[in-house]
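Student: Below are the structure tokens for one structure; questions will follow.
In my numbering, the protein residues as written are 1111 to 1676.
What follows is the structure in structure tokens.
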């Protein structure tokens, strides 16, 4: 069997859940979509109402809400109450990971009021926002000012808090890093109720570097100050088809964002946005974007594509037309481009509503898309949730840029998930070793895309039903994820923590560095108040016994085994 041949698998016998999933579109179209639209509409009205308030009014309400959080934390009795977590319902989270830790005893703190944009400072180029502000809300406020967050995650519903405490990326991350890299200050409520502002150069600088990827297990994030950049009205997007092997596709993608001469900081050679979508093992479309003015976009002969209209083809399908008609260029309104994957949820919408990409559905019902992920989770039940864990893949493999060809070949051999999304991001060399970090000595190799201060990584996004499932073959989803995690451990890669993880505690702390994180947990009183990030990410139900063990386990953590001599 060659390296790219997939293993032969026996046919799988269908069970009742298969038929329920197949016809789930009935529930989605008649229940989930209408409710989703209403929720989107009422949320929009709330955003408008908030925008009408003065800065002083919004800040006053923020301070009052922070005081409520402080008061609530001080009501906790450590001897009787469980570990602290937010009062947000488990199904509301956008991530695919089960929020099973909330099924056990816990002490709830309500953060639902923290959903306002507090200030947009056009002089300092800083947006101060609360953690439940989402990407659609912030882009709606900033883009008319020709300003934007440096990194705007594609899906409207993704929140600032989730992108900071978890994981956030966009096609501009090859310039600015991950979403958390664009934050200049955090406002955090610590375990003892103290409210602090952490920046990279104040007395809480250690906390500043510990917050990203911590999943809210060090303190409660109540506001963030995020870098703004100047933008233009349109994005000039170039679609380049490519045919070849997966290794050749990987190299073409690398060349689209990283000059081979190493001139990585030259804006003439490096585009503003980059992404690649791989449709089959031999076909891909490489896309690059550059900001363009309205004057440029409306010049005679230029094509403007208003992809934000509900009846427009889904973006990934529109991009695939380059495989038939060849390379082309068009201008997309900037905000439409930012949220290009929202209506189709990348390509997951095709599985949820198999006919939703058809012209008649888009025209008649496309204005209701997408269904809210939270409602999809709320209506799936335990059996369907477990079915998706076994029969479906939603994972992001974060790998060094030079290992992308290897990752593509591995993913094809083990998972056969297409399309594949490729999006680059810088992983900065920081003063402290955070949970994710570049390869030691990367700057000595001067590989394509790297600089002396950052290693270039890539998100290999795998979101769809694996090939074996589509062919009706046996497929062990949990075992496939374990093999993926093993490959990441062997190649200095990372797994996005919003996804389902099969890592045990020892391997979790082999993938992510614990030292600085645990130092901050102890220093700021999080131990015994907030659960650890591993415990929060761990798959499966959390029992009362596990909660008690977690409260005591900080003195004998599993990751310490890694420091023991062999």
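No residue lacks a Cβ here, since even glycine has one placed at the ideal position from N, Cα and C.
Computed from a predicted model, the values in this text were never measured in an experiment.
Starting from the C-beta of residue 1486, find all residues in its chain whose C-beta is less than 8 angstroms away, skip the five residues before and the five after it, and write them out in chain order.
Tutor: What you label residue 1486 is simply residue 376 of the chain shown in a count that begins at 1. Closer than 8 angstroms at the Cβ level, and outside the excluded window around residue 1486, lie 1138, 1142 and 1462.
Student: Let me check understanding here. Comparing Cα to Cα, which of 1605, 1456, 1434 and 1572 lies closest to residue 1644?
Tutor: Indexing the chain shown from 1 puts residue 1644 at position 534. Per the Cα distances, 1605.
Student: Determine the DSSP secondary structure at residue 1244, reduced to helix, strand or coil.
Tutor: Stepping through the chain shown from its first residue, residue 1244 is reached at position 134. Strand.
Student: To which residues of the same chain is residue 1436 closer than 7 angstroms at the C-beta, ignoring the five residues directly before and after it?
Tutor: For the purposes of this step, residue 1436 is taken as the residue at position 326 of the chain shown. Correct list, in chain order: 1351.
Student: I need the boundaries of the alpha helix (DSSP H) containing residue 1381, first residue and last residue.
Tutor: To locate residue 1381, count along the chain shown from 1; it is residue 271. Taken as a continuous stretch (DSSP letters only), residue 1381 belongs to no alpha helix (DSSP H), as it is neither H nor E.
Student: Please classify residue 1505 as buried or exposed, where buried requires at least 16 neighbouring CB atoms within 10 angstroms.
Tutor: Within the chain shown, residue 1505 is the residue found at index 395, counting from 1. Residue 1505 should be labelled buried.
Student: Going by C-alpha distance, which of 1508, 1458 and 1395 is nearest residue 1502?
Tutor: Position 392 of the chain shown, counting from 1, holds the residue named residue 1502. Considering only alpha carbons, the answer is 1458.
Student: Classify residue 1249 as buried or exposed, calling it buried when 16 or more other Cβ atoms lie within 10 Å of its own Cβ.
Tutor: Taking the chain shown and counting its residues from 1, the one referred to as residue 1249 is at position 139. Classification for residue 1249: buried.
Student: Identify whether residue 1180 lies in helix, strand or coil by the three-state DSSP scheme.
Tutor: For the purposes of this step, residue 1180 is taken as the residue at position 70 of the chain shown. Three-state DSSP puts residue 1180 in a helix.
Student: Considering only the beta carbon of each residue, do residue 1566 and residue 1368 sit closer than 8 angstroms?
Tutor: Numbered from 1 along the chain shown, position 456 holds the residue referred to as residue 1566. Numbered from 1 along the chain shown, position 258 holds the residue referred to as residue 1368. Their beta carbons are under 8 angstroms apart, which means residue 1566 touches residue 1368 by this criterion.
Student: Would you tell me roughly how many angstroms separate the C-alpha atoms of residue 1430 and residue 1278, rounded to the nearest one?
Tutor: For this step, residue 1430 is matched to residue 320 along the chain shown. For this step, residue 1278 is matched to residue 168 along the chain shown. Approximately 25 angstroms between the Cα atoms of the pair.
Student: Quick one: which unbroken alpha helix (DSSP H) runs of 4-plus residues sit fully inside the stretch 1417-1501? Chain order, please.
Tutor: As far as the stretch 1417-1501 is concerned, its whole alpha helix (DSSP H) runs of at least 4 residues are 1425-1430, 1432-1435, 1444-1448, 1459-1462, 1469-1475, 1483-1488 and 1491-1501.
Student: Please name the residue in 1559, 1544 and 1355 whose C-alpha comes closest to that of residue 1625.
Tutor: Reading the chain shown from its first residue, position 515 is the one you call residue 1625. The residue with the shortest Cα to Cα distance from residue 1625 is 1544.
Student: Given this structure, state the Cα-to-Cα distance separating residue 1325 from residue 1449, to the nearest angstrom.
Tutor: By one-based count along the chain shown, residue 1325 stands at place 215. By one-based count along the chain shown, residue 1449 stands at place 339. If you take the alpha carbons of residue 1325 and residue 1449, they lie about 24 angstroms apart.
Student: Should residue 1453 be labelled buried (16 or more other beta-carbon atoms within 10 Å of its own) or exposed?
Tutor: Translated into the one-based positions of the chain shown, residue 1453 becomes position 343. Under this definition residue 1453 is a buried residue.
Student: What first and last residue would you give for the alpha helix (DSSP H) that runs through residue 1677?
Tutor: Here the chain has residues from 1111 to 1676 only, and residue 1677 is not among them.
Student: Quick one: using the 10 Å Cβ neighbour count with 16 as the cut-off for buried, is residue 1125 buried or exposed?
Tutor: Here residue 1125 corresponds to residue number 15 of the chain shown, with the count starting at 1. By the neighbour-count rule (16 or more Cβ atoms within 10 Å), residue 1125 is not buried but exposed.
Student: Provide the residue(s) that pair with residue 1630 in DSSP beta bridges, ordered along the chain.
Tutor: Taking the chain shown and counting its residues from 1, the one referred to as residue 1630 is at position 520. In DSSP, residue 1630 forms no bridge with anything.
Student: Identify whether residue 1505 lies in helix, strand or coil by the three-state DSSP scheme.
Tutor: Position 395 of the chain shown, counting from 1, holds the residue named residue 1505. Residue 1505 falls in the strand class under three-state DSSP.
Student: In the structure shown, what three-state DSSP assignment does residue 1309 receive?
Tutor: Residue numbering aside, residue 1309 sits at position 199 when the chain shown is read from its first letter. Coil.
Student: Kindly give me the distance between the Cβ atoms of residue 1364 and residue 1559, rounded to whole angstroms, as I take these residues to be in contact under 8 angstroms.
Tutor: Residue numbering aside, residue 1364 sits at position 254 when the chain shown is read from its first letter. Residue numbering aside, residue 1559 sits at position 449 when the chain shown is read from its first letter. Right, the Cβ-Cβ distance comes to about 7 angstroms (below 8 angstroms), so this counts as a contact.
Student: Quick one: Cα of residue 1518 to Cα of residue 1229, how far?
Tutor: For this step, residue 1518 is matched to residue 408 along the chain shown. For this step, residue 1229 is matched to residue 119 along the chain shown. Each residue's Cα considered, the two are about 42 angstroms apart.
Student: Can you tell which of 1253, 1242, 1283 and 1281 has the C-alpha that lies nearest to the C-alpha of residue 1678?
Tutor: Past the edges of the chain, shown from 1111 to 1676, lies residue 1678, and the structure says nothing about it.
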